[in-house]
Amino acid sequence: MKILKQLSKRKIVDDVILVPIGDTSLKLKGLITLNETGEFLWDRLPDAKDAAELADALAAEYEVDLKDALADVESFLSGLRELAII
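Whatever position you read off the sequence shown (first residue = 1), add 110 for the working numbering.
Here is the structure:
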């Protein structure tokens with residue numbers, strides 16, 4: 111999937127945040143915090159073909175039902191689309 115390049119992932123103590131850089135900082139006006147599964151999905155976004163592929167990876171990693179994993183992935187992607195990150 112294509113993601114906005116002007117975001118830098120940073121780990122600060124136990125928090126994982128996406129920091130907008132360049133022109134993106136003017137649009138987003140803030141940081142984006144990722145939880146553990148959000149970070150897992152974020153790290154796989156560039157190589158993922160679609161939501162189903164991400165859901166398969168999420169279900170395997172966290173041993174959750176594929177249907178639940180797909181719902182979580184769709185919610186995550188929807189939030190990123192809302193912010194014009196993907």
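Just so it is clear, CB atoms sit at the ideal spot from N, CA and C, and this is done for glycine as well. It should be emphasised that the depicted structure is a prediction, and the values quoted were computed from it without experimental measurement.
If I measure Cβ to Cβ from residue i and keep anything under 6 angstroms in the same chain, skipping five residues before and after, which residues do I get?
{"i": "I127", "result": "R120, L141 and T143"}
{"i": "E163", "result": "none"}
{"i": "L138", "result": "P130"}
Is there a Cβ of chain D sitting closer than 8 angstroms to that of residue i, yes or no?
{"i": "R154", "result": "Within the model displayed, chain D is absent; a lone protein chain is all it includes."}
Name the residue from the options whose alpha carbon lies nearest to the alpha carbon of residue i.
{"i": "L114", "options": "P156, L151 and G148", "result": "P156"}
{"i": "L123", "options": "P130, K112, Y172 and N145", "result": "As written in the sequence, residue 123 is Val, which differs from the Leu given in the question. Considering only alpha carbons, the answer is N145."}
{"i": "S188", "options": "D160, K137 and V174", "result": "D160"}
{"i": "K112", "options": "E163, A158 and V174", "result": "A158"}
Residues in the same chain with beta-carbon distance under 7 angstroms from residue i, minus the five sequence neighbours each way, listed in chain order, please.
{"i": "A165", "result": "L176, A179, L180 and V183"}
{"i": "L190", "result": "I196"}
{"i": "F186", "result": "G148 and L151"}
{"i": "R154", "result": "L164 and A167"}
Assuming residue i and residue j form a contact by the criterion Cβ under 8 angstroms, report the distance between their Cβ atoms to the nearest whole angstrom.
{"i": "L193", "j": "L168", "result": "That belief does not hold up - the Cβ atoms of L193 and L168 are roughly 20 angstroms apart, past 8 angstroms."}
{"i": "T147", "j": "Y172", "result": "7 angstroms"}
What residue range does the alpha helix (DSSP H) around residue i cover?
{"i": "D125", "result": "Note, D125: premise wrong, no alpha helix (DSSP H); beta strand (DSSP E) at D125 to P130."}
Quick check on the burial criterion: 16 or more other C-beta atoms within 10 angstroms. Buried or exposed for residue i?
{"i": "I195", "result": "buried"}
{"i": "L136", "result": "exposed"}
By Cβ distance below 8 angstroms, which residues in the same chain neighbour residue i in space, the five residues on each side in sequence not counted?
{"i": "E149", "result": "K119 and V126"}
{"i": "D117", "result": "Reading the sequence as shown, one finds Leu at residue 117 and not Asp. Here the set comprises L128, V129, P130, I131, T134, I142 and I195."}
{"i": "A170", "result": "none"}
Could you give the residue range of the beta strand (DSSP E) that holds residue i?
{"i": "K137", "result": "Taken as a continuous stretch (DSSP letters only), K137 belongs to no beta strand (DSSP E), being part of the alpha helix (DSSP H) at T134 to L138."}
{"i": "L155", "result": "Careful: L155 lies outside any beta strand (DSSP E) and carries neither H nor E."}
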